[in-house]
Amino acid sequence: MCGYCYEGIMLHVVETGHRGTKGYRFSYLQESDDIKTEIQQLEDPNNPEPLIDLAFCRLYDHYFAHGFDVELFNVLQAKFGSEAVQAYLTRRQTSASAFKAELSDVNLLSDEAYWNRFITNKERILNNAMDLLNQYHDWWLLGIGKEKSEPEEQIEEFGILDHVDNTTLAEWNKFDALYPAISFALSYIINHHSDSEIIQRIALTNLENVPDTWGKDLWLQRRAMIACVERSGLAFIVDNLNQIRYELIYYVLLKSDTSPLK
Numbered sequence: 025m026c027g028y029c030y031e032g033i034m035l036h037v038v039e040t041g042h043r044g045t046k047g048y049r050f051s052y053l054q055e056s057d058d059i060k061t062e063i064q065q066l067e068d069p070n071n072p073e074p075l076i077d078l079a080f081c082r083l084y085d086h087y088f089a090h091g092f093d094v095e096l097f098n099v100l101q102a103k104f105g106s107e108a109v110q111a112y113l114t115r116r117q118t119s120a121s122a123f124k125a126e127l128s129d130v131n132l133l134s135d136e137a138y139w140n141r142f143i144t145n146k147e148r149i150l151n152n153a154m155d156l157l158n159q160y161h162d163w164w165l166l167g168i169g170k171e172k173s174e175p176e177e178q179i180e181e182f183g184i185l186d187h188v189d190n191t192t193l194a195e196w197n198k199f200d201a202l203y204p205a206i207s208f209a210l211s212y213i214i215n216h217h218s219d220s221e222i223i224q225r226i227a228l229t230n231l232e233n234v235p236d237t238w239g240k241d242l243w244l245q246r247r248a249m250i251a252c253v254e255r256s257g258l259a260f261i262v263d264n265l266n267q268i269r270y271e272l273i274y275y276v277l278l279k280s281d282t283s284p285l286k
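The numbering of the sequence shown is the working numbering, which starts it at 25 and goes up by one.
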């Protein structure tokens, strides 16, 4: 199953409110307004492993949007366990992100004084966030400089030949390592610089290659699209209709409570 298939599951969840099998858990974590309850309801939270990445991404977004909330962090740590949380933080230390120091430090989410010191350095956060999002847009979405695998390499790495998904394993690993920082950066820009042009570019740029299995890159696009519509109204969709996937339009109609024009 690819990310587009999972996006279809997510749309079904948003439309119907249906809670299905364990395979739906990414949709709940991505889309629920009550992230605390959603985390508490997780069964077998560390399987698959990327669930903890997603849960942390939701926490970062909550902190940027609503401020420090140690109770929410405590819920996450209690559900996933201190061992899984420490493993997550250790993985962040090995990423090439400008935010790796913050994302690998438990104090960012558990110590209000630490969070406040971090958030006051607005120029540094803005510059690093913009650099990272521009890198993501050009490299991952447009495929500029992205390594592509040759047919024989695909057979060796994956056992199949796929003419659509020709991204190398090394590039997938790089995306997975950078993803929490990319989400972190997008949350900051949406919440504190909503007029930034990079939000629109992420919303309107469809992937050059196939999406991540769990649709993490598609989730970034949906978040950017919602931010654009919240800022400009449904006129944003009308003005850019030829660039927007139908699934995104349907998603906005399901999720948004906005006037046609602003």
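C-beta atoms are modelled at their ideal positions from N, C-alpha and C, and glycine is treated no differently.
- Listed in chain order, the alpha helix (DSSP H) elements of length 4 or more contained wholly in the stretch 113 to 183 are 124 to 127, 131 to 134, 136 to 144, 146 to 160, 175 to 182.
- By a beta-carbon distance limit of 8 Å, residue 147 does not contact residue 171. Their separation comes to about 33 Å.
- Separation of the CB atoms of residue 104 and residue 78 is rounded to 11 Å, and the pair is thereby denied contact status at 8 Å.
- For the pair of segments examined, the stretch 200 to 213 was found to touch the stretch 80 to 99: the number of CB pairs separated by less than 8 Å reaches three.
- Rounded to the nearest whole angstrom, the C-alpha separation of residue 257 and residue 280 is 9 Å.
- The beta carbon of residue 190 lies closer than 6 Å to those of 172, 173 in the same chain, with the five residues before and after it left out.
- In this structure, residue 71 lies away from residue 167, with their beta-carbon atoms at least 8 Å apart.
- For residue 61, the enclosing alpha helix (DSSP H) has its first and last residue at 59 to 64.
- Contact between the stretch 217 to 235 and the stretch 92 to 99 is absent, with fewer than three C-beta pairs closer than 8 Å.
- When the Cα atoms are used, residue 87 and residue 163 turn out to be separated by approximately 28 Å.
- Relative to residue 133, the option among 212, 214, 252, 91 whose CA is nearest is 91.
- Rounded to whole angstroms, the gap between the alpha carbons of residue 271 and residue 198 is 27 Å.
- Looking at the DSSP output, residue 191 bridges to 172.
- In this structure the stretch 99 to 119 lies against the stretch 57 to 70, because at least three pairs of beta carbons, one per stretch, are closer than 8 Å.
- The three-state reading of DSSP puts residue 234 in coil, since its state is none of H, G, I, E or B.
- Residue 262 is classed as exposed because its beta carbon has fewer than 16 other beta carbons within 10 Å across all chains shown.
- With at least 16 other beta carbons inside 10 angstroms of its own, residue 54 counts as buried.
- Taking C-alpha positions only, residue 217 is separated from residue 157 by approximately 13 Å.
- Judged by their CB atoms, residue 208 and residue 260 are not nearer to each other than the 8 Å cut-off.
- Sequence-distant partners of residue 192 (beyond 5 residues in either direction) whose C-beta falls short of 6 Å from its own C-beta, in its chain, are 171, 173.
- With a contact defined as Cβ atoms closer than 8 Å, residue 31 and residue 239 qualify at about 5 Å.
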